[in-house]
Amino acid sequence: MFKIVKEFSFDMAHMLDGHDGKCKNLHGHTYKLQVELCGDLHQSGPKRGMVIDFSDLKSIVKQHILDPMDHAFIYDSHSEKETKVAALLQSLDSKTFALTTRTTAEEMARFIFNCLKYEAHLPISAIRLWETPTSFCEYEE
Numbered sequence: 001m002f003k004i005v006k007e008f009s010f011d012m013a014h015m016l017d018g019h020d021g022k023c024k025n026l027h028g029h030t031y032k033l034q035v036e037l038c039g040d041l042h043q044s045g046p047k048r049g050m051v052i053d054f055s056d057l058k059s060i061v062k063q064h065i066l067d068p069m070d071h072a073f074i075y076d077s078h079s080e081k082e083t084k085v086a087a088l089l090q091s092l093d094s095k096t097f098a099l100t101t102r103t104t105a106e107e108m109a110r111f112i113f114n115c116l117k118y119e120a121h122l123p124i125s126a127i128r129l130w131e132t133p134t135s136f137c138e139y140e141e
């Protein structure tokens, strides 16, 4: 069994409505994302000797995660306050992305894991999401 990891970077804004610290305010992060896959090597064909071609992995993550989330305001669709901010931004032709959970690093890591596993059908073993250069969350099933 092999593990491979590809790293990505993207920027997003968010807020944590109801939080008891400064993250209740609208702010942004440059996120670092590591996508870890686990699997056997292809035994034949053009991908022989690979778990997955890194360029194929890059395209899949770009389509499912980076394109919709990069430079967006990510918000909890269950929060009235965050939904109002998103509506204002949408009226100004700004990019938004709704989650059905709070937009913590933990919830976003789980969302990304599930998206890549169940929508993109990748053999995901772990997601690591850095919110700052010194703080990250790891999610695995």
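Residue numbering for the sequence shown follows UniProt numbering, starting at 1 and increasing by one per position. Backbone N, C-alpha and C define an ideal beta-carbon position, used for all residues, glycine too. Note that the structure is predicted; figures quoted are calculated from it, not measured.
Range of the contiguous beta strand (DSSP E) that encloses residue i
{"i": "residue 3", "result": "2-14"}
{"i": "residue 28", "result": "27-39"}
Given residue i as reference, the closest of the options once Cα atoms are compared
{"i": "residue 42", "options": "110, 117, 53", "result": "53"}
{"i": "residue 78", "options": "39, 101, 31, 64", "result": "101"}
{"i": "residue 25", "options": "14, 138, 33, 57", "result": "14"}
{"i": "residue 7", "options": "31, 35, 119", "result": "35"}
{"i": "residue 29", "options": "123, 87, 115, 9", "result": "9"}
{"i": "residue 80", "options": "18, 93, 39, 5", "result": "18"}
{"i": "residue 40", "options": "33, 46, 51, 47", "result": "51"}
{"i": "residue 138", "options": "27, 33, 68, 122", "result": "33"}
{"i": "residue 117", "options": "57, 47, 20", "result": "57"}
{"i": "residue 55", "options": "5, 22, 72", "result": "5"}
Beta-bridge pairing of residue i - partner residues as DSSP gives them
{"i": "residue 138", "result": "128"}
{"i": "residue 42", "result": "48"}
> Contact between the stretch 94-108 and the stretch 128-136: three or more CB pairs below 8 Å?
Replying inline: yes
>> List, from N- to C-terminal side, the alpha helix (DSSP H) runs of 4 residues or more that fit wholly inside the stretch 59-135.
In response: 80-91, 105-114
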